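The opening position of the sequence shown corresponds to residue 219 in the working numbering, with each subsequent residue numbered one higher. Ideal placement from N, C-alpha and C gives every residue a C-beta, glycine not left out. Since the structure is predicted, the reported quantities are computational estimates derived from the model, not experimental observations. What follows is one structure encoded as structure tokens, with my remarks underneath.
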Amino acid sequence: KRLPSFDDQQKELKAYGHLKRRGQLDWNHVPRFYGAVDTDQGIGIVTALFRDWNGGYPKNLEELLPVGMTDALDAAIREFKDWLRRELFLTRDLLPHNIIAVADSPERYRLVIVDGIGNSEFVPLSHWFNCCARAKIERKIRKFDYRTRILLPTDPAGEAESDAAV
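See the structure below:
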């Protein structure tokens, strides 16, 4: 059995508990939490399942970005970053493979973070002070911008296809 202090599931359960206590109501970019179940691998978190408008399963950013930046994906990334700032939503990391792009229509994506939810701080200053939360979110967004930029295809001159979203 895993040690609780190193168990990501425990960290996410704690994060969902914090969201509930805080009154997190905007579930557009994070899966709605339905509870936890015991499995043979430890605790499993039960959340909403997302599907694209056509019934398919959404791809994550690590799969989409190497194909190229579209206007719809650029708009979704901007909206997601605005939401993080507005909601003061804390993540352990904003990794492209942990963020899915749900196609709500053929022309519109909505990004949803499906893993890495919660605060990575040993002393959770970002939970206690909004100024710390804002600073932390901006640091995470800068790292996210870098991670998305390096996934984009390069043009013949060796520059990223688009720096608009990042």
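Short Cβ contact (8 Å threshold) for residue i with residue j
i: G253; j: Q227; result: no
i: W245; j: S323; result: no
i: V248; j: I331; result: yes
i: A294; j: L237; result: no
C-alpha distance - residue i paired with residue j, whole-angstrom precision
i: L313; j: K354; result: 15 Å
i: P262; j: R352; result: The amino acid at residue 262 is misidentified as Pro; the sequence shows Gly. Their Cα atoms are separated by approximately 30 Å.
i: G336; j: Y275; result: 24 Å
i: K232; j: S338; result: 11 Å
i: R296; j: R310; result: 20 Å
i: G334; j: E230; result: 7 Å
i: E356; j: H315; result: 19 Å
i: W301; j: G273; result: 25 Å
i: V341; j: D258; result: 32 Å
Neighbour flag for residue i against chain C, beta carbons, 8 Å
i: L231; result: No chain C is part of this structure, which consists of one protein chain only.
Rounded distance between the beta-carbons of residue j and residue i, thought under 8 Å
i: A319; j: L279; result: 6 Å
i: R326; j: A290; result: 6 Å
i: K277; j: I359; result: 21 Å between Cβ atoms; not a contact.
8 Å CB neighbourhood of residue i in its chain, flanking five on each side removed
i: P284; result: L369, L370 and P371
i: R269; result: Y275, P276 and V320
i: L282; result: L291 and A319
i: K361; result: D311 and L312
Close-in-space but distant-in-sequence residues of the same chain around residue i (CB under 7 Å, 5 per side omitted)
i: S443; result: The first residue shown for the chain is 219 and the last is 384, placing residue 443 beyond what the model contains.
i: V255; result: G262 and V264
Cut-off 6 Å between Cβ atoms - residues of its own chain near residue i, not counting five sequence neighbours on either side
i: R250; result: A266
i: Y234; result: F251
i: G241; result: none
* **Sufficient close CB pairs (3 or more, under 8 Å) joining the segment 334-353 to the segment 300-309** => yes
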